[in-house]
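**Student:** Below is one structure. I have some questions about it.
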Amino acid sequence: MRYVLVLNKLEIEDFGPFKDVQEMRFAKPGKVCIVYGENMRGKTTLLNAIRYAILGQIIGRGFRDESIHETGNWESAEQGKFGFRTTLWFDFDGSSFELIRGCRPRKEVKQPENDTDYEEYVDIVRDGKVLGPEERKEALRRVMSPETARFFLFDAELLQQYEELLRDPAKMGRQIREAIERILGVPVLTGARARLFDAEKDIQQDINKAAKKSSDTNKLATAQTQCFEIRTQADKDITDYQAKLSGLEDHQQSLRGHLDRLGDVSILQSERDSLKQEMQHLRDDLLLKADNIRQLNANLWLWVLEPKIEYLRGSLSAETGDWLKHQVYLEMNKELLGRCREGLKSGTCSLCKTELSDSATEVLKSQIAEIELSAKETNPEPESLQVEQLVHWKAATSVRVSSQIPFLLALLHDIEDMRIAVAEAEEKQRDLDREIRSRDRSDARKTWSDLETTQKEIGVLEESLEESQKKLSETEGRLEEIGQKLARIGSPEVAFHTHRLEACKALHDVFNQAVVELRDELREEVEKDATGVFLRLTTEPDYGNLQINENYGLQIVHKDGHVIPVRSAGAEHIVALSLIAALQKNSSVSGPIVMDSPFGRLDSGHTDRIMRSLPDLADQVTLLVYKSEIDRDLAIDTLRGKIGHEYKIQRVSARHSVLLPLEGNDHE
Amino acid sequence: MNSQESFEKILARVRGTLHPDVPQDLVREILRIQIDIPDNDSEARRQLLVAIDKFVKDKGALRAGTE
Amino acid sequence: MSSAQDKTVIAVTPETEEILKCVEDSASFGDRMDVAKLAMSVAIMKNLSPAKSSGRNTRWNVGGFDKDGAINITLRLLFPSEEQPYRLAEDLIEAGAKYLNDLLQVDSKFHLLTFLKDMCPEDDDTIGLEKAATD
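In order, the protein sequence lines correspond to chains A, B and C. The numbers in our numbering rise by one with no breaks, and the one at position 195 of the first sequence is 195. Numbers in our numbering are just positions in the second sequence, counted from 1, shifted up by 1000. Numbers in our numbering are just positions in the third sequence, counted from 1, shifted up by 2000.
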């Protein structure tokens, strides 16, 4: 039977850059919810908000716990509002839950300055009923533990951790192996087995007490007591070493994560360089547009006077037109006048060359007088200005500036928008510079040194652990011999306890075998399911299947049966995702997956395949991605109706982001 | 986990690995203790030992009866 | 026409110079001369009385100020009785600059869009200024 966890809605208040109250709805099972957000806008913080809501944990880079005080929204803090809250609505095992978790300043603290100034609170309402402290604890334990959460809520950094572990199964952290077995439902059997093992020790003590009562067995009892002490000490040492080892392994992981983070500086620098280029283009464009405006403004005085100038041009057209017409008239009649005057002078017609009669001469004289009179009367040359000047003026004022005004307006708007864009880019650049500066290079040297020291300590501890385990094994062997001797020569009381011990050991064997068989069966199932997912995700056609070892390490096997010894980063990524999907499928709890930037280092081929397979990876998938990781149109096309909700994280200021549903996102 | 269904499922798994000297009833009881008492180790061990003791006594009585 | 008595240089008062500078800086004008011409046009359209002020400092040679002679002829056409168009231009610049100063916003900046809207008749939206202002 599987217990199904379905997330419905998340509400966050003043969490990270998410100022005031904001909410998002998760997609229904079978569909995907996608949140788009650029780097440093709050994508990882949103993952943290979900993690905090369920587990009360906020994890930063390198898996270090983040400060509560630093998690509250800075702008709200400047306004005197400290702390934060998350409310998660979800369904689990047939019940509806509302899980409220948050931090607030202690009553006596006016201005919190660090984590100790806060108190945390958590409330759970199940099917309308508020749960008491014990019920709350039990409910949270059942829904999700911190160990299993890493398989449901993860980011690229965690995925990378799996990739490394899968590459080096010997180093697979005990915690992760235990976590894998926990979600596969092994703990009931391993728990029973462990208690039977402890019960064996109790019964051995009873044998010892009984053996001490008889002189025949007293010496053996004393030897047995000494072995008990050695065993107890060895057990304690082993427990201590394992705890220290676990701590050192976590520390090692954290240091590696820190070094990776320092490596991310190059990504930030690259982002800053792109931003600088973008700003330069904007500035160049601004200069160009300003220049265009300057050119247009040079004629602005004409636009202002345009109505009057148009009127003048109109009225002058009549005057200058008439005068021009007169000039044309004169030009046209010049020859006629010339001929008439010549004819009058010579007494012969200039055309037919015949002698002019007296009447013809009179007609000619009359014609000449008419033309000359007409020329005088129709000479409208303005008194104050010469026509030539007016004609020139008309040319100079002919540009219709009003037709250029819309273009000018468009330029003004563009410049305004571009100035805002430049200001925003400058602020973003300052944020990036600050972030880059905070990643102190000298920190890297110290971290490397710490890492080396930690690795040496791990080596020493592992040796000590091995020695203690050997001592324990030898002591157990000695106790077994003593037990057998006591069984042969001991009293009836010893014999009774010995029967008890045999029964207990037999039970222990039964459960141990059950654990082994369950693990084998689960490993086969996980291998089969992981292979299925892997072959859907990989673009390499020659890969045959995945092979799982006892530590859940996965190897890629070629179709020809050979193990692929060296894997690309992309292949590692796919293998890690395949393991997670397989664990999801085989776990006793069916839960949602929330992935932060899972495609960052993958090529488009793999990204496309993963996108298509998302609804198969888990019942409920939520993706937090940045723009260049996947294209929205491509996502919509690839997932085709399987998108439940879409959001984008929009920047309001450097310390304030809003979670906005994307238009047309109401796919449910 | 405390649903009847999951108990039977696990029992079915354990049943498959039964030791000849370990009866099914005893296994069922150990499993029940583990599921019903997830946190209280001392009480769980006490009940566990009670179950084992009963089995041993019954077996002893049976042996005595057949001898 | 007694152009021999007309001005050969355009001069402005220090106060007017300040106003012209402010407009030039705020609103992308390539040359302060263009702002001066604008001030002159504004004075004409708003029927402002030419300002007779003293203390003007020589600024632009008329040959550079009015390269194509358009200003000279425009003023002679608009004001046929005026015999010294450049002297008139100077006085109009002074009057127009005061008007532009009144249009400066609270932030002491000249906003071109506000100016364009001011110069348009209320019922005239042929160039879409109203829409542009509310976009």
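All C-beta atoms in this analysis are idealised placements derived from N, C-alpha and C, irrespective of residue type, glycine included. Just so we're clear, the structure is a prediction, and the values are computed from it rather than from any experiment.
E396 (chain A) touches chain C at which residues, Cβ-Cβ below 7 Å?
**Tutor:** Residue 396 (chain A) is actually Ala in this sequence, not Glu. Neighbours of A396 (chain A) across chain C, judged by C-beta separation under 7 Å: D2068, A2070.
**Student:** Within the continuous alpha helix (DSSP H) that includes A2039 (chain C), where are the two ends?
**Tutor:** 2032 to 2045
**Student:** What's the call for Q226 (chain A), buried or exposed, on a 16-neighbour Cβ count within 10 Å?
**Tutor:** A residue is called buried when at least 16 other Cβ atoms come within 10 angstroms of its Cβ; Q226 (chain A) does not meet this threshold and is exposed.
**Student:** What does DSSP give as the partner residue(s) for H558 (chain A) in the beta ladder?
**Tutor:** A:Y543
**Student:** What residue range does the beta strand (DSSP E) around P661 (chain A) cover?
**Tutor:** 656 to 661
**Student:** Answer with buried or exposed for S1003 (chain B), where buried requires no fewer than 16 other C-beta atoms within 10 angstroms of its C-beta.
**Tutor:** With a pLDDT of only 46 at S1003 (chain B), under the threshold of 50, the placement of this residue in the model should not be trusted, and no figure is reported.
**Student:** Quick one: what does DSSP say T538 (chain A) is sitting in, helix, strand or coil?
**Tutor:** coil
**Student:** I'd like the list of long-range same chain contacts for A2027 (chain C), defined as Cβ closer than 6 Å, with 5 residues on each side in sequence excluded.
**Tutor:** Excluding sequence neighbours, A2027 (chain C) sits near F2110, L2112.
**Student:** Starting from E119 (chain A), follow the beta strand (DSSP E) in both directions and report where the run begins and ends.
**Tutor:** 118 to 126
**Student:** Checking 8 Å against the spacing of the C-beta atoms, do A27 (chain A) and H645 (chain A) come in under that value?
**Tutor:** yes
**Student:** Have a look at V10 (chain A) and L88 (chain A) and give me their C-alpha separation to the nearest angstrom.
**Tutor:** Note on identity: in this sequence residue 10 (chain A) is Leu, with Val being the wrong assignment. Roughly 5 Å between the two C-alpha positions.
**Student:** Look up E310 (chain A) in the DSSP assignment and say whether it is helix, strand or coil.
**Tutor:** helix
**Student:** Looking at chain A, is there any beta carbon in it that lies within less than 8 Å of the beta carbon of S2081 (chain C)?
**Tutor:** no
**Student:** I want to check one thing, is the minimum distance from the CB of E572 (chain A) to the heavy atoms of the ligand COA below 7 Å?
**Tutor:** By its list of ligands, the structure shown contains no ligand whatsoever, and the ligand COA lies outside what it can speak to.
**Student:** Could you tell me the distance, in whole angstroms, from the CA atom of A192 (chain A) to the CA atom of R106 (chain A)?
**Tutor:** 43 Å
**Student:** Rounded to whole angstroms, how far is the Cβ of P2080 (chain C) from the Cβ of N2072 (chain C), which I believe are closer than 8 Å?
**Tutor:** That pair is no contact at about 13 Å.
**Student:** Quick check on the DSSP output: the beta strand (DSSP E) that includes Q22 (chain A) runs from which residue to which?
**Tutor:** 18 to 25
**Student:** For G483 (chain A), count the other beta carbons within 10 Å of its own beta carbon; 16 or more makes it buried, fewer makes it exposed. Which is it?
**Tutor:** buried
**Student:** Determine the chain B residues that contact H573 (chain A) at a beta-carbon separation under 8 Å, and present them in chain order.
**Tutor:** By Cβ distance, chain B contributes nothing, its closest Cβ being about 33 Å from H573 (chain A), past 8 Å.
**Student:** DSSP three-state call for R669 (chain A): helix, strand or coil?
**Tutor:** Chain A is shown from 1 up to 668; residue 669 (chain A) falls before or after that span and cannot be answered.
**Student:** Would you mind telling me which residues of chain B sit closer than 8 Å to S507 (chain A), beta carbon to beta carbon, in chain order?
**Tutor:** Reading off the sequence, residue 507 (chain A) comes out as Leu, not Ser. Going along chain B in sequence order, the residues near L507 (chain A) (Cβ under 8 Å) are H1019, V1022, L1026, V1027, I1030, I1052.
**Student:** In chain F, what lies closer than 7 Å to R655 (chain A) by C-beta?
**Tutor:** Given the protein chain composition of this structure (A, B and C), no chain F is represented.
**Student:** Within the same chain, show all residues whose beta-carbon is closer than 7 Å to that of D2091 (chain C), passing over the 5 residues directly before and after it, in chain order.
**Tutor:** Result list for D2091 (chain C): P2050, A2051, K2052, in chain order.
**Student:** Please name the residue, chosen from A:A582, A:R51, A:F90, that lies closest to L5 (chain A) on a Cα-to-Cα basis.
**Tutor:** A:F90
**Student:** Round the Cβ separation of M279 (chain A) and A425 (chain A) to the nearest angstrom and send it over; I've been treating them as touching at under 8 Å.
**Tutor:** 5 Å
**Student:** Quick test of the definition: if touching needs 3 or more C-beta pairs under 8 Å, does the stretch 215 to 235 of chain A touch the stretch 477 to 493 of chain A?
**Tutor:** yes
**Student:** The stretch 2019 to 2042 of chain C: which residues have C-beta closer than 8 Å to a C-beta of chain A, in chain order?
**Tutor:** A2027, S2028, F2029, G2030, D2031, D2034, K2037, L2038, M2040, S2041, V2042
**Student:** Using 8 Å as the limit for Cβ to Cβ distance, is R519 (chain A) near chain B?
**Tutor:** no
**Student:** Please return the same chain residues whose Cβ sits closer than 7 Å to the Cβ of L659 (chain A), not counting the five positions on each side in sequence.
**Tutor:** F18, Q22, M24, Y647, I649
**Student:** Going by beta carbon distance, what residues of the same chain come within less than 7 Å of G62 (chain A), once the five residues before and after it are set aside?
**Tutor:** The predicted model places G62 (chain A) with a pLDDT of 49, which falls under 50 and marks its position as unreliable; any figure quoted below should be read in that light. Closer than 7 Å at the Cβ level, and outside the excluded window around G62 (chain A), lie S254, G257, H258, R261.
**Student:** Which runs of the alpha helix (DSSP H) at least 4 residues long sit entirely within the stretch 572 to 626 of chain A? Give them in chain order.
**Tutor:** 604 to 617
**Student:** Please state whether the Cβ-Cβ distance between L617 (chain A) and I593 (chain A) is less than 8 Å.
**Tutor:** yes
**Student:** Specify, as a first and last residue, the run of the alpha helix (DSSP H) that N299 (chain A) falls within.
**Tutor:** Counting along the chain, no alpha helix (DSSP H) covers N299 (chain A), and no H or E run does either.
**Student:** Using a Cβ-Cβ distance cut-off of 8 Å, determine whether R500 (chain A) contacts chain B.
**Tutor:** yes
**Student:** Which partner residues does F2079 (chain C) have in the DSSP bridge list?
**Tutor:** Looking at the DSSP assignment, F2079 (chain C) forms no beta bridge with any residue, so it has no partner.
**Student:** Do we get a CB-CB distance below 8 Å when we pair N8 (chain A) with the residues of chain C?
**Tutor:** no
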